[in-house]
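Let me begin by presenting the structure, written as structure tokens, before commenting on it.
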Amino acid sequence: MSDVRIELRYFARVRELLGRRADTRTFPPGTTIADIWASLTEECPSLVGLTWKPSVNQEYATPETVLQDGDEVVFIPPVSGGTGSSAPDFPTDPSRIDTRFVGRDKR
Amino acid sequence: MTVQPPRLCRLTHDPIDANELIAAVQTVADGAVCVFHGVVREDSRNRKVRFLDYDAYPEMAERKMHAILDEVAVRWPDQRAAIVHRLGIVNVGEASIVIAVGSPHRGESFDACRYVIDRVKQEVPIWKKEVFTDGEEWIEGS
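Next comes the structure, spelled out in structure tokens:
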């Protein structure tokens, strides 16, 4: 089996720490995403400890994924999130509900 | 037959015009258009934000945004949603994202709008760096 050629693209903190946006590299067959991350952390130890989930060809994947020739891989840092609660925050205190309009609109 | 407007779903470096999103989702069958603006706030953990700098994996971000609109179409077949997300520098008070949902009735329009913003936060590879008066920091979601 021949080596696989992988397109690596870097974003956000990973890009800043590596100091570049992309690489094209060849790896031996059977290389996983985790293997590539290990080689990057060897080159750039400040990457150690970053959290990410990988994508392959623009779909989320797992670090154990074995890569195919031509795959595009990104180590995706947690997305920007925000601190909004995940459940709707409706007022439960009746004094906070404006009752003037409740029940008026029957659609 | 209701004429379906073309889907609006994109990333932009320019200020977002909410009217464009409303026009993209509203049909004559609608009794409600719910619009959400996610805006940049000045205070973040007691530091003063100068602006946010948004970075994205653009091809995947647009793909995921389209997938979320597909989910809306399945869950709420009679509603339409639109998403526009800013990239690059977004100043305090400006919208980094605007979502609009057109619906026959208001209840589902709130539900769908909430659904879209929550899914965007979970799935879409966009990151923000907070630039403070005294430094900067990438923000990672929880």
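Taken in sequence, the protein lines are chains A and B. Under our numbering, read the first sequence as residues 42 to 148, first letter to last. Under our numbering, read the second sequence as residues 550 to 691, first letter to last. Note that the Cβ used here is the ideal one computed from N, Cα and C, for glycine as well.
- For the region 600-616 of chain B, residues whose beta-carbon sits nearer than 8 angstroms to a beta-carbon of chain A comprise Y603, D604, A605, Y606, E608, M609 and R612.
- Residue-level contact by beta carbon holds for R54 of chain A and chain B, with a gap shorter than 8 angstroms.
- Against S80 of chain A, chain B offers no close residue; the least beta-carbon distance is about 21 angstroms (beta-carbon pairs closer than 8 angstroms).
- Note on S80 of chain A: under 16 other CB atoms within 10 angstroms of its CB, so exposed under the neighbour-count rule.
- In this structure V633 of chain B touches I565 of chain B by the C-beta definition: roughly 5 angstroms separates them, less than 8 angstroms.
- Here the C-alpha atom of D110 of chain A lies approximately 20 angstroms from the C-alpha atom of E608 of chain B.
- Of the residues B:V574, B:A567 and B:H615, the one whose Cα lies closest to the Cα of V647 of chain B is B:A567.
- The DSSP-derived three-state label of P607 of chain B is helix.
- For W687 of chain B, the closest C-alpha among the options B:F585, B:A578, B:A573 and B:S593 is that of B:S593.
- In this structure, A661 of chain B lies away from I571 of chain B, with their beta-carbon atoms at least 8 angstroms apart.
- In the three-state reduction of the DSSP assignment, T82 of chain A falls in the helix class, which pools H, G and I.
- E679 of chain B is bridged by DSSP to B:L601 and B:E686.
- One Cα belongs to E620 of chain B, the other to V97 of chain A, and the distance between them is close to 22 angstroms.
- One alpha carbon belongs to M42 of chain A, the other to R50 of chain A, and they sit about 25 angstroms apart.
- Residue contact with chain A for W687 of chain B: present (Cβ-Cβ distance below 8 angstroms to some residue of chain A).
- Nearest to D563 of chain B by C-alpha distance, out of B:G637, B:A630 and B:F659, is B:G637.
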